[in-house]
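For reference, the structure discussed in these notes is given below.
Residue numbers (my numbering): 95 to 198.
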């Protein structure tokens with residue numbers, strides 16, 4: 095995989111589907127969803143979890159990952175299989191959580 099990051103500002107064009115599918119980082123911080131251990135959010139948590147780290151936030155993050163099935167259900171219900179132009183924001187949200195929505 096070739097990750098592309100824009101450090102100056104959020105650039106939705108760098109996303110796989112070219113759309114913004116998340117709230118601004120400032121909102122995440124205000125709501126207390128960003129922890130000091132993982133300032134880059136879920137992706138950073140996941141990488142460290144995969145490498146074997148276990149922390150108190152694991153249960154919450156795993157619950158959030160499992161909740162993504164609602165997006166899978168919506169895509170499956172409203173989109174033709176293989177139509178990657180259908181529901182791009184939900185598809186991008188799934189990419190953000192390591193799901194390949196092109197298979198639905």
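For each residue, glycine too, the CB sits at the ideal point set by N, CA and C. For clarity, every value in this text was computed on a predicted model and none was experimentally measured.
Problem - Sequence-distant residues of its chain with Cβ nearer than 8 Å to residue 151 (five each side left out) - result: If you number the chain shown from 1, residue 151 lands on position 57. Counting only Cβ-Cβ distances below 8 Å, and skipping sequence neighbours, we find 129, 131, 132, 139.
Practice task
Grab me the residues of residue 159's own chain with a C-beta within less than 7 Å of its C-beta, minus the 5 sequence neighbours each way, in chain order.
Solution key: On the chain shown, position 65 is the one that residue 159 refers to. Within the same chain, residue 159 has close Cβ partners 191.
Practice task
Thinking residue 166 and residue 198 are a contact (beta carbons under 8 Å), I'd like their distance in whole angstroms, please.
Solution key: For the purposes of this step, residue 166 is taken as the residue at position 72 of the chain shown. For the purposes of this step, residue 198 is taken as the residue at position 104 of the chain shown. 6 Å between Cβ atoms; contact.
Exercise for the section: Please name the residue or residues paired with residue 129 in a DSSP beta bridge. Expected result: Counted from its first residue, the chain shown places residue 129 at position 35. In the DSSP output, where bridge partners are listed per residue, residue 129 has 132.
Practice task
Using 10 angstroms around the beta-carbon of residue 161, count the other beta-carbons present and answer buried if the total reaches 16, otherwise exposed.
Solution key: Residue numbering aside, residue 161 sits at position 67 when the chain shown is read from its first letter. Residue 161 is exposed by the Cβ-count criterion.
Practice task
For residue 112, collect the residues of the same chain with a Cβ closer than 7 Å to its Cβ; drop the 5 residues on either side in sequence, then sort them by chain order.
Solution key: On the chain shown, position 18 is the one that residue 112 refers to. Counting only Cβ-Cβ distances below 7 Å, and skipping sequence neighbours, we find 106.
Exercise for the section: My understanding is that residue 181 touches residue 168, with C-beta atoms under 8 Å, so please give their C-beta distance in whole angstroms. Expected result: Counting from 1 along the chain shown, the entry for residue 181 is found at position 87. Counting from 1 along the chain shown, the entry for residue 168 is found at position 74. About 7 Å; that satisfies the 8 Å criterion.
Exercise for the section: Give me the Cα-Cα distance between residue 185 and residue 163, rounded to the nearest whole angstrom. Expected result: Counted from its first residue, the chain shown places residue 185 at position 91. Counted from its first residue, the chain shown places residue 163 at position 69. Using only the alpha carbons, I get a separation of about 11 Å.
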